[in-house]
Amino acid sequence: AHRMIPAFACLASFLITLAGAAALRPMSMMNTVAQADISQFAGLADCPRLGLGLAAVGRPGYINLGRDAHVGDASTRSVDAMKGQSHRVMDAAWEAGIRYFDAARSYGKAEEFLSSWLEAKGIAPGDIAVGSKWGYRYTADWRVDTGGEPHEVKDHSREHFLSQKEETLGLLGSHLRLYQIHSATLESGILTDEAALSELRKFKEERGARLGLSLSGVKQADTLRVAMAVPLAAGGDPANGRLFDCVQATWNLLEQSVGEALSEARAAGMDVIIKEAMANGRLLSGPVGSTVAAKAAAAGCSADALCLAAVMSQPFRPMVLSGAATPDHVRSNAGALDVVRRLEGEADAEVRKAIDALTQELRVDPEAYWSERSALTWN
């Protein structure tokens, strides 16, 4: 029997733009996507390595810092208001060239908002990469203050997968390219539950969708390596095919512990997605934020773009999620694509110097990182 596990953490990161950051950006950075790294992702060609995560715009509450300043006071975050906000953010992302959009069943109404936006824009399944996740149930009932009750509850059982995949398909249908286990852990048992894995295999075969898993916590690397050993065919050899095509993990300038395992996954042919690239706003606040801002000014770019580019430049070549909550955040985040172009195409010494310095200076112990993250409040 599977135990229901309350969770106070969720995926995707939310990127905060420093005041005046745009002034630091050269004019060449305004036209980012045309010059940026373009690659295949989840079967979609010409897909820039910056995606949009919908955790911050699919529900009224989230754990990112400074939320009131970006989506308004909690009393103003009605379903209609957040739907409008999410559509404006997705419009800005599309205009910036972003083509991967990442949702989850537990992101409130994120799948519903994404579905209505796709319909309104008339975007065909072949022109966009859409991913979502199953495994958490949204329980906040559109509240920011739940009185101590969990905002979402984990359930990785076979039965929960069967119910949530129908809900996802009902909203996203043929647009869905990637379906991920939300926050897979060794403790949840999903990677050894043959009943659930059998249904995942059937889903992959029947729908032709890619399967993935997202990771969280200090055991990200251990969980990923176990997942890489799950074969495509029950009782088979993973060397002849793996069940999972993609992994979504937390890697940022503070929390770098999963990097080696992500490189192994990339070498094995898996797509890599990075969430929380801005550490829920912690990289742009306090003393750490001051350090990042100084390095960004020296490199001639915004602080958020530099932090995102630092992730993009890692050897595991990830798709990096913007967790933007406003159109302005999206546009600023998109500057990371040009920073990467400068770094890789022109071998920009100032950008490389800034990224190398921050990678060395800001790394923290994983236990400390995840302990601090677990203390972030829903707001």
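Just so we're aligned: 132 in the numbering used here is position 137 of the sequence shown, and the numbers increase by one with no gaps anywhere. Backbone N, C-alpha and C define an ideal beta-carbon position, used for all residues, glycine too. If you're wondering where the values come from, they're calculated on a predicted model, not measured in any experiment.
Counted within 10 angstroms of its Cβ, other Cβ atoms place residue i as buried (16 or more) or exposed
i           : result
residue 361 : buried
residue 220 : exposed
residue 243 : buried
residue 355 : exposed
residue 197 : exposed
residue 101 : buried
residue 159 : buried
residue 187 : exposed
residue 343 : buried
residue 150 : buried
residue 289 : exposed
residue 318 : buried
residue 106 : buried
For residue j and residue i, the rounded distance between their alpha carbons
i           : j           : result
residue 83  : residue 55  : 16 Å
residue 252 : residue 211 : 11 Å
residue 122 : residue 142 : 42 Å
residue 364 : residue 250 : 7 Å
residue 169 : residue 115 : 16 Å
residue 28  : residue 41  : Any reading at residue 28 needs caution, since the residue's pLDDT is 36, under 50, leaving its predicted position unreliable; the model's value is listed next. One C-alpha to the other measures close to 10 Å.
residue 232 : residue 52  : 41 Å
residue 86  : residue 76  : 15 Å
residue 338 : residue 348 : 10 Å
residue 280 : residue 39  : 35 Å
Residues that residue i bridges to, as DSSP identifies them
i           : result
residue 350 : DSSP output for residue 350 lists no bridge partner at all.
residue 97  : 48 and 126
residue 209 : 243
residue 237 : 226
residue 317 : 47
residue 176 : 129 and 208
residue 36  : 39
residue 269 : 244 and 315
residue 171 : 125
Top-ranked residue by Cα proximity to residue i, from the options
i           : options               : result
residue 172 : 120, 210, 185 and 137 : 120
residue 69  : 137, 108 and 78       : 137
residue 234 : 258, 203, 210 and 262 : 262
residue 227 : 207, 254 and 49       : 207
residue 237 : 245, 347 and 223      : 223
residue 195 : 337, 130, 99 and 302  : 130
residue 175 : 105, 183 and 97       : 97
residue 156 : 231, 132, 167 and 105 : 132
residue 352 : 322, 369, 313 and 301 : 301
residue 259 : 271, 313, 162 and 108 : 313
Proximity below 8 Å, CB of residue i to CB of residue j
i           : j           : result
residue 299 : residue 266 : no
residue 248 : residue 357 : yes
residue 193 : residue 135 : no
residue 269 : residue 316 : yes
residue 308 : residue 335 : yes
residue 88  : residue 47  : yes
residue 45  : residue 328 : yes
residue 145 : residue 92  : no
residue 276 : residue 61  : yes
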